[in-house]
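Here is the structure we will look at, set down as structure tokens.
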Amino acid sequence: MTARTDKIDKLAQHTARSDAGVSLAAAAWRRLRRNPVFLLGAAIVVAFVVLALLAPLLAPHDPAEPMLGDQVVRARNEIPPSQPGHPLGGDQVGRDLLSRLLVGAQQTLLVGVLATLIGLAGGLVLGTLAGALSGWVDTVVMRVVDVMLSIPGLLLAVSIGSLFAQPNQYTVILAVAIVQIPVFARLLRGSMLAQRHSDHVLAARALGVRERAIVFRHMLPNSLGPVIVQATLVLAIAIIEAAGLSFLGLGNPDDRLPEWGQMLGQAQNVIDSHPELAFWPAGCIVVVALGFTLVGESLREALDPKSRR
Amino acid sequence: MALLEVRDLKVEFRRRGEEPVRAVDGVSFDVQPGQTVGLVGESGCGKSVTALTIMGLLPKRGPHVSGSARFDATELLSLSDRQMRDRRGRDLGMVFQDPLSSLNPVVPIGLQVTEVLERHRGMSRRQATVEAADLLDKVGIPDPRRRLDEYPHQLSGGMRQRALIAIALACRPRLLIADEPTTALDVTIQAQILALLANLVRDTETALIMITHDLGVVAGLCDEVNVLYAGRVVERAKRHDLFAIPRHPYTHGLLSSIPRLDAPRGDRLSPITGSVADNIPWTTGCAFAPRCPNALDVCVEVTPEMTDDVGVPDNRSLRCHNPVERAKRDGEALV
Amino acid sequence: MLRYTVRRLLQLVLVVVALSLLLFAWLRSLPGGPVSALLGERATPALRAQLTAELGLDQPIFVQYFKFLGRALSGDFGVSTGVQPGDSAMEIFLQRFPATLELSVLAILIAVAVGIPLGYLAARRRGGVLDNLSVVGSLIGVAVPVFFLAFVLKQVFAVELGWFPTTGRQEGGLDATRVTGFFVLDGLITREWDAAWDAVKHLILPAIALSSIPFSVIFRITRASVLDVLDEDFVRTAESKGLTTPVIRRRHVLRNAMLPVVTTIGLQTGALLAGAVLTEKVFAFPGIGQALAIGFERRDYPVLLLLILCAAGVFVLVNLAVDLSYAVIDPRIRSGSGGGR
Amino acid sequence: MVQSRKVRTGRLAAVGLSAVLVLSACAESQRGQNDQGAGDATAKAGGTMTFATEGAPKLFDPFFATDGATFRTSQQIFEGLVEFKPGTAEVEAGLAEKWESTPDGKQWTFTLRKGAKFHDGTEFNADAACYNFNRWYNQKGAGQSPAVTGYWQDNFGGFSDGAKPSLFKSCTVKDPQTAVVELTSYTSKFPDILGLPSFAMQSPTAMKQHNADNVVQQGDSFVYPAYGQEHPSGTGPFKFSKYDKANGTVELVRNEDYWGTKALLDKLILRAIPDETARKQALQSGDVQGYDLPSPADWDQLKKDGHKLLIRPAFNVMYLGIGQKNNAKLRDLKVRQAIAHAIDREGLIKQQYPEGAKVAENLYPDTVSGWTADVQKYEYNPEKAKTLLAEAGASNLEVTFYWPTEVTRPYMPNPRDIFGFIRGNLEAIGMKLNVVSKPWNGGYLEDVDQAKADVFLLGWNGDYNTPDNFIGNFFSDPNNRFATGSATWGAQLSAEIKAADAEPDTNKRKAMYEALNKKLKAEYLPAIPVAHSPPALVTSAKVSGLVPSPLTDERFHTVSLG
């Protein structure tokens, strides 16, 4: 096991230990309500999600329609400026920038959520397998996981992303998601092992509860704490890494439904003549990623018994 | 005059948005040079906080301290951080409950002893090492020279506690505070450690404050005993008197909840009912009232004051409206 | 300890072999690759067929893999078709590895030099202004896409202000002597100070961009772990000895707080390669990262395969080094009681 | 300079787009000339120039190369028997002072330049010349791979082993200054092809010494001998000094005993900066004094910043290919014509192409013989397109549309946006597109070459100035990416192209090509020519004497740092 994997395990047991029962969650919630960092993060996240969901209604124009195309002259580097009806002007092919940002929010959320869910699902399956029926299953699964963890995250994502014959939105999501599977898997396994030896599980076993029941009714639920924390953080990571892929030209080539990372990636060759084309999406990414990170971090701290100073 | 005079010591913890908690609520007691004084009570009764306050080891932010703790005529509570540092380890030593976590895992035992010698007795590392060796020897650690280079995890629990004691006594402090020094240890080891402490304080004429919830420990080595409840001293007496004739119902309860081999068959244990959680604040009456077998109406209306127990030879003081009848335990043997 | 090390090295071999098979199979199953790279627009179906046969790309995958393994064992990982057409993948790796190493080391140094002290201070003044500011700052550091940060840095300090060069490792005109392949080092040992300094100047901006994430992480770990240690019993013991703050800080707090930090530093060093792909692209810095970026774009499979394998290898090795260094600072592991997890 | 250009263009604005563009294109090259003049006048010799290129050279032996980076370097080191006139695609004397051929165009006598020396001291003479020809002709093994000797096989065909017919027959030394080359048949390409970088003269001694022909196929690619790696030896104005791979820089130094006007620069450093934006910033911050292929989007700004933008005459074509294989509807001329009418080429060029770009009416630029304005022009007319579709009974036409990602080509500055524009046009006439986008090297070329695409974006950069270099490349083999073979007229088209190429008489040939171009537009229409886009290079203000070449064949010996 590498130090990295070990770290994940520690985190797992750590939070799993603390995560016993409702009273604790309630306590955590009380601490959160008073935590400005959390509140800021939550505010950002909520705003972002609402915006994303309402995007189709809010967007003044069709984000795919180059309605300002006639104002684009690449030869003279002319790109539609801000104008009535188009507060942010147009992009490098004359599509309404504001609309693209709004719809972009939706796509970005989609990328983030899907990637996280896929990673989570994969991780849950592997982790539960390993954590529940230890023994050789555990060994095999964990070897696989270790192999995957032995490549730096983004690098793995990029490798995977570049390996699809025809990149599209979903290959990007998949690339980002796969990277997260081993992380979730280890996390879950770790905290389930911690559970395995915890009193309530031993008690349940002593009472002769069936193994499956123990796993699904006792171990799994109590192991979810760290996983949930991780998920919030992964949302941010996913969004950022998707941007990285686009920057390397491995993003979704179809830009009719924009995604912030993609917009940023495409703006790179006009960045110094028309920085706004890059700064808008970049700014959005930073804020949203920050939002999720703030929430995740403060969640983790709240669930951490040590933090009750 | 007393080596340490604690008067009306109050410690209150305030956390943002929460009810302030009063851990110590007007504790007063004296410690004479060379005397061994016990602070007894259930966990949460404020005994440890009292100790930390005297040592000046309470966290910087949070607690509010009032009252006074005079050590050899200097007011500890008003000393600056630097002045306090100079006293700690030199005049005041402390031994903590959990020997493992109280020793730095990544620093060799030797250094953990010598550093205090270097600090307060201006010794060179070499001198200090020699000194450290026979300190360890004194506290009964075999083959001290080798131990100096070992790390805490390589020592047994008892050894660790001995090492801690060696550290605390390294500069021959005049007052040693032992906070539950034996609770983390096996029974057999406990006895050894207590014996060790007893001898050491006797030989070096160090005053000792023994903090414990275990009356057995008290019986072992304290000259005077303060029984704390909910942050206040409820009874103070010489050891023998306390065990012979416990007056406060709480003390009585504590005593009678100790299992006794010589108890007549069928005689049941009479534990104190309820828990600290049932307290009522001192301000409205007697905090112990809800759990008290002798409770009267007055107990929940008037706060009992600390008064000398009248009409008895021994000078003991008591905080109770309706003490246990002296008759009750007459004739029973001592522990 | 030794047995543990050996076990881990074996594990490394396993990882690399498994990975090589995985990558190889996947890469070969893809369209394009060498043939397109070599022929470009001139390709016609006939030419394609001919070249595919010549390169033996029409043989069954496992045959190809064993051929590859055979060559690989003799250090031949094939020839680049996109990054530096004609050079052997190994050559490219050897050439560029020093560049990335220089860059990563500087980046980590920056991250550590800023992260640890700041983390310690923040912990000491928990909840203070400095604490909150630096915490949020560090979180932003994670939230900003590395390549964007790199871009802004370059635009401001290289293009607008002209304080640093925008691209590359060294001015071509210097014709510096090459000894080790580490330009800074070379400059120093050959006493070509200008060359060394020039190389350093080329490193600074990329290194800063690259260090943004490691810094944030190291800072946060340091802070957290110092906070943990601060309310350990033995710190209280130290206080009860009346030790002076510097001693307590150095001997008792930091020594213990550093344990998790060391791990993190290791992890981050390993992970830098990912960031390097983005940073080196922005600064056209001829290192592993750039090679990877170009390799991905031009589907240079031999180079990709080797570089990703090496990346994984380095990453695992770094982690091993970290675990071992643990033993040095943590006696509990040294004396074997802790073993290696 | 820049100023006067603007005035000129401004004045001519009325004359209509194409005219302006033609003239301003000339204006560009004139400016090139003037600069050169200026350069000579204030011939400030000396100094080092660093020029940023897209990629590092594959090797330094141009015969084994097909990549621009290699040619960029080799063209400074080597010279061919014939050369291209700076700033044009016309041939002029190179190492051969003059040449003549027998009427049947099968035997060519080259009179060679006296006093030219290779960098290794070897005399250049007829022996050397023929040694080169025979070297090319006698490649073996890996040397015969299309990936290694692509240009030879495209232009001369097979090798001495006779496996495939070869255009080359023999080279004989008449006297030290006279070499006679015999061909197996006439081709319009000859002797122009001798101006190709690949066919530059290299030093026999050096090649023997470092066994230049020892190419080995290894793994997925080829390993080249020491000669091509470290010891290139030509007759050119610059000598190879060193290649610092770790830093991606090639260093060339002035050839002091060059037979012609010596280079002004002491040193020329070619530095590989793959990222386009990075190249620009390197120039802006003075790290380099010039770079190749600035993105059209930056041209304006670069000029504003006071840099010299040298626009090359467009010598390429970007087209929309229409595959004949998979989609029966597309074999109907009406449908193809509908597509042609649907595309707003003017609009596209205005929006996405650099200044100087022209709407393409033929499949090659007007500087190439046989070009004619008198072809069927398909003006932008969605309505007409719709009716044509209707007539063809293909109103709801559905096609797979391929476009490449992860690439930019001189004729296709920004594939995504160009594709986006054309998609808009086609969808506007009610076509349904199944869009397939693949990475250029990651499947796009492969699929397109196997005629998997119904409609696709592609183009061609001219190597030399004959029609055959363009349409010959596209269609002479009926089994091509347009799959013209599957069309009724495919065989005929190929035949006509071969015939035109084989016609020795210049005027007849020109006529044949004009006819061919008309038919390609009116009857065959296997591809819709879209644009000729001028690529550019840019240098800092103090650089003078660099002449932009339509073949991206710039020579740096006339360059000086003013």
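Sequence lines, in order, name chains A, B, C and D.
Numbering follows UniProt numbering, with no gaps: position 305 of the first sequence is 305.
Numbering follows UniProt numbering, with no gaps: position 37 of the second sequence is 37.
Numbering follows UniProt numbering, with no gaps: position 7 of the third sequence is 7.
Numbering follows UniProt numbering, with no gaps: position 162 of the fourth sequence is 162.
Where is the CB? At the ideal position from N, CA and C, for every residue including glycine.
Starting from residue i, trace the beta strand (DSSP E) in both directions and tell me its first and last residue.
{"i": "C/Cys310", "result": "Segment Tyr301 to Ile329 is the alpha helix (DSSP H) holding C/Cys310; no beta strand (DSSP E) there."}
{"i": "D/Arg481", "result": "Careful: D/Arg481 lies outside any beta strand (DSSP E) and carries neither H nor E."}
{"i": "C/Arg71", "result": "No beta strand (DSSP E) holds C/Arg71; the alpha helix (DSSP H) holding it covers Ile61 to Leu73."}
{"i": "B/Met94", "result": "Leu92 to Val95"}
Looking only at its own chain, which residues have a Cβ that is under 7 Å from the Cβ of residue i, when we skip the five neighbours before and after it?
{"i": "C/Leu2", "result": "none"}
{"i": "C/Leu103", "result": "Leu203, Pro206, Ala207, Leu210, Ala276, Phe285 and Gly287"}
{"i": "D/Asn479", "result": "Gly485"}
{"i": "C/Gly340", "result": "Legend: pLDDT at C/Gly340 = 33, less than 50; position of this residue unreliable, no value from coordinates given."}
{"i": "C/Leu306", "result": "Phe77, Ala89, Met90 and Phe93"}
So, residue i versus residue j, is the Cβ gap smaller than 8 Å?
{"i": "D/Pro529", "j": "D/Asn362", "result": "yes"}
{"i": "C/Val253", "j": "C/Leu267", "result": "no"}
{"i": "A/Val137", "j": "A/Leu129", "result": "yes"}
{"i": "B/Thr36", "j": "B/Cys171", "result": "no"}
{"i": "A/Ser223", "j": "A/Met192", "result": "yes"}
{"i": "D/Glu83", "j": "D/Glu92", "result": "yes"}
{"i": "D/Pro415", "j": "D/Pro404", "result": "yes"}
{"i": "B/Gly89", "j": "B/Arg119", "result": "yes"}
{"i": "B/Val40", "j": "B/Thr273", "result": "no"}
{"i": "D/Ser369", "j": "D/Tyr464", "result": "no"}
{"i": "A/Val295", "j": "A/Ala42", "result": "yes"}
{"i": "D/Glu383", "j": "D/Lys432", "result": "no"}
Spatial neighbours of residue i within its chain, please: C-beta separation below 8 Å, excluding the five flanking residues on both sides.
{"i": "B/Arg162", "result": "Leu136, Val139, Gly140, Ile141, Ile193 and Leu196"}
{"i": "C/Phe148", "result": "none"}
{"i": "D/Leu388", "result": "Lys334, Val335, Gln337, Ala338 and His341"}
{"i": "residue 564 of chain D", "result": "This structure cannot speak to residue 564 of chain D, because chain D is shown only from 1 to 562."}
For the alpha helix (DSSP H) that contains residue i, what are its first and last residues?
{"i": "D/Asn517", "result": "Thr506 to Lys519"}
{"i": "C/Phe157", "result": "Taken as a continuous stretch (DSSP letters only), C/Phe157 belongs to no alpha helix (DSSP H), as it is neither H nor E."}
{"i": "C/Ala123", "result": "Ala89 to Arg124"}
{"i": "B/Val298", "result": "Asp297 to Glu301"}
{"i": "C/Pro34", "result": "Pro34 to Leu39"}
Go through its chain and collect everything with a Cβ distance to residue i's Cβ below 6 Å, but skip five positions before and after it.
{"i": "B/Tyr250", "result": "Tyr229, Val234 and Phe288"}
{"i": "A/Met148", "result": "Pro182"}
{"i": "A/Leu156", "result": "Val179"}
{"i": "D/Met207", "result": "Tyr227"}
{"i": "B/Met84", "result": "Gly56"}
{"i": "B/Cys292", "result": "Pro249"}
Legend entry - Interfacial residues, the region 51 to 72 of chain D to chain C, with Cβ spacing under 7 Å: Ala56, Lys58, Leu59, Thr66 and Asp67
Legend entry - Residue ranges of each alpha helix (DSSP H) within the region 205 to 250 of chain D, 4 or longer: The qualifying runs are 226 to 230.
Inset, instruction - Name, going along the chain, the residues of the region 249 to 267 of chain C whose beta-carbon falls closer than 7 Å to a beta-carbon of chain B. - result: Arg251, His252, Arg255 and Asn256
Inset, instruction - Let me know the alpha helix (DSSP H) ranges lying completely inside the region 248 to 288 of chain D, each 4 residues or longer, listed in chain order. - result: 276 to 284
Inset, instruction - Could you tell me which uninterrupted alpha helix (DSSP H) segments, each at least 4 residues in length, are contained entirely in the region 142 to 207 of chain A, listed from first to last along the chain? - result: The region 142 to 207 of chain A contains, as complete alpha helix (DSSP H) runs of 4+ residues, the segments 153 to 162, 169 to 196 and 199 to 206 (chain order).
Inset, instruction - Identify each residue in the region 286 to 305 of chain C for which the Cβ-Cβ distance to at least one residue of chain D is less than 9 Å, and report them in chain order. - result: Only Pro286, Gln290, Ala293, Ile294, Phe296, Glu297, Arg298, Arg299, Asp300, Tyr301 and Pro302 from the region 286 to 305 of chain C bring a Cβ to less than 9 Å from some Cβ of chain D.
Inset, instruction - Kindly provide the ranges of any alpha helix (DSSP H) runs that are 4 or more residues long and lie completely inside the region 124 to 193 of chain B, ordered along the chain. - result: 125 to 138, 144 to 148 and 157 to 169
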